[in-house]
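Numbering (the numbering used here), first residue to last: 10 to 521.
Shown next as structure tokens:
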């Protein structure tokens with residue numbers, strides 16, 4: 010069990026997403042505590058960390074835009090005729106540097122970073138006056154958490170606002186604006202992609218030194234060493250550092266005292282598998298970290314636009330439904346299908362009946378206790394992803410090991426299938442096989458756009474994807490053909506960041 014508990018209430022965090030020319034990079038910590046009075050004691054430090062966790066609940070981040078938009082933009086869903094047009098610009102690839110969602114994600118991530126910088130700038134002075142060993146240990150743990158959170162925020166900026174990492178050209182590619190300090194003025198200038206990723210890795214190594222494996226536990230609401238390792242594996246995969254991806258994913262997978270895949274063929278109740286329970290109650294042995302919601306403190310509703318049941322509590326009015334090709338990926342014995350999808354007649358005039366996404370129907374306790382629908386705790390890190398990372402790294406290594414990759418995929422699938430599930434990869438099929446398995450497992454968890462970007466010409470010979478209209482899909486966008494070289498695989502830098510006084514921030518190709 011976790012040894013360190015926060016003993017104060019979560020602060021109310023307001024993440025400002027200004028649409029003016031005031032740069033996101035200049036925002037103060039969300040707590041708005043006067044600088045001269047802030048973070049002088051152990052209690053202040055604890056409160057600051059709690060405030061950082063509160064910001065992570067924002068619907069601009071994992072409980073909303075950061076999770077949903079990449080998959081809506083890609084090839085996983087279709088807009089329904091008659092929908093509310095929410096996120097329609099992403100569905101139609103009409104994404105601009107003035108798009109509110111683009112600005113909101115960017116601002117929210119830098120708000121997290123600036124709050125982390127605020128903490129890291131002051132923590133040494135707080136540590137220096139401590140005499141109690143338990144408090145010193147607690148502060149080391151908190152500091153490891155903050156380093157990991159800052160690395161996570163930067164990794165998300167890199168994933169969404171930068172080109173795919175190429176080791177051969179990373180020193181010439183544009184990265185992100187690196188804010189390392191809180192009090193000191195720093196130039197608003199993008200670092201290279203190489204230096205940006207190096208900074209993330211540096212933060213992770215600092216975190217890993219401070220975090221204690223004894224605090225690793227499943228379904229943690231706090232950052233642990235296992236989470237830092239999992240993020241390191243994900244970052245290494247994006248960097249094409251296959252050895253590091255294998256190393257760090259293995260550290261997570263081998264931590265069997267803390268984590269285990271949640272079985273879809275073993276039953277928690279007579280009608281609910283352990284895998285079902287993970288999605289219906291946000292608790293499972295394979296969740297490394299979840300963002301802790303309560304009925305009085307929660308973020309966005311991940312399932313809202315796939316169901317819209319709470320329009321009238323009688324019918325479903327989904328804005329988006331699963332793509333037919335996705336549904337076709339699941340074998341009859343794949344238990345993920347019934348956990349993720351259920352067929353309903355919608356309330357639209359055209360009476361579309363279709364398998365709807367129920368993965369985010371909502372935490373059942375929230376529904377029964379407070380009638381809060383479609384709100385699930387985000388799960389940014391699950392053990393399943395680590396098997397997928399390691400399998401891909403085995404295949405793309407300079408000395409590929411397809412047997413070990415096949416074993417990882419088969420192990421994952423064995424926990425998801427009622428029977429069977431074994432699968433083999435080879436030099437000729439590994440990208441398509443891994444792509445399909447990542448879709449089956451990670452559907453609508455925010456990975457698809459980046460997967461297609463980082464695979465580039467390796468996937469589908471550079472042809473990207475092509476949508477084919479399906480039943481009652483919205484005409485606009487249903488026939489898009491998006492090739493691998495489309496600049497909008499990289500989101501544009503918000504226009505106000507480029508135009509802010511003193512800014513040296515360079516635009517992306519997608520800004521033009």
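Backbone N, C-alpha and C fix where the C-beta goes; we use that ideal spot for every residue, glycine too.
A straight line joining the alpha-carbon of residue 300 with that of residue 359 spans about 38 Å.
In the three-state DSSP reduction, residue 328 falls in the coil class, being neither helix nor strand.
Annotation: residue 284 is outside any beta strand (DSSP E); the continuous alpha helix (DSSP H) that includes it extends over 283 to 290. For residue 493 and residue 330, the gap between their C-alpha atoms comes out near 24 Å.
Under the three-state reduction of DSSP output, residue 87 falls in the strand class. Distance from the CA of residue 348 to the CA of residue 452, rounded to the nearest whole angstrom, comes to 11 Å. Taking C-alpha positions only, residue 435 is separated from residue 419 by approximately 14 Å. For residue 183, DSSP records a beta bridge to 201. Between the C-alpha atoms of residue 507 and residue 188 there is a straight-line separation of about 16 Å. In the DSSP assignment, residue 375 falls within the unbroken alpha helix (DSSP H) covering 373 to 379. In the structure shown, residue 251 adopts helical secondary structure according to DSSP, grouped into three states. Residue burial annotation: residue 462 is buried, with at least 16 other C-beta atoms found within 10 angstroms of its C-beta.
Assigned with DSSP and collapsed to three states, residue 79 falls in helix.
Residue 375 holds the alpha-carbon nearest to the alpha-carbon of residue 303 among 266, 375, 391 and 344.
Between the stretch 100 to 120 and the stretch 132 to 143, the count of Cβ pairs shorter than 8 Å is below three; the stretches do not touch. Residue 512 and residue 502 have their C-alpha atoms some 12 Å from each other. Cβ neighbours of residue 182 within its own chain (closer than 8 Å, five residues either side excluded): 171, 172, 174, 175, 201, 202 and 203. Secondary structure note for residue 365: it is in no alpha helix (DSSP H), and the uninterrupted beta strand (DSSP E) holding it is 362 to 366.
The alpha-carbon of residue 291 is positioned some 18 Å away from that of residue 344. Taking the C-beta atoms as reference points, residue 220 is found no nearer than 8 Å to residue 139.
Under the three-pair Cβ rule at 8 Å, the stretch 208 to 227 does not count as touching the stretch 274 to 291.
Spatial neighbours of residue 498 in its own chain (CB-CB distance under 6 Å, excluding positions within 5 residues in sequence) are listed in chain order as 462. Exclusion of the five residues before and after residue 411 leaves 403, 404, 433, 434, 435, 436 and 439 as the residues of its chain whose Cβ lies within less than 8 Å of its Cβ.
Per DSSP, the beta-bridge partners of residue 355 are 325. Going by C-alpha positions, residue 309 is about 7 Å away from residue 384. Residue state for residue 426 is assigned as strand, using DSSP reduced to three classes. It is roughly 5 Å from the alpha-carbon of residue 287 to the alpha-carbon of residue 293. Relative to residue 442, the option among 476, 484 and 397 whose CA is nearest is 397. In the three-state reduction of the DSSP assignment, residue 463 falls in the helix class, which pools H, G and I.
With respect to the C-alpha of residue 265, the residue from 77, 392, 448 and 93 having the closest C-alpha is 392.
In this structure the stretch 150 to 164 does not touch the stretch 86 to 106; the number of beta carbon pairs closer than 8 Å is below three. Beta-bridge partners assigned by DSSP to residue 229: 298. Under the three-state reduction of DSSP output, residue 266 falls in the coil class, being neither helix nor strand. Spatial neighbours of residue 122 in its own chain (CB-CB distance under 8 Å, excluding positions within 5 residues in sequence) are listed in chain order as 159, 162, 163 and 188. Taken in chain order, the whole alpha helix (DSSP H) runs of length 4 or more contained in the stretch 437 to 492 are 439 to 451 and 457 to 464. Within its own chain, the residues whose Cβ lies closer than 8 Å to the Cβ of residue 356, once the five positions on either side in sequence are excluded, are 320, 321, 323, 324, 325 and 326, listed in chain order.
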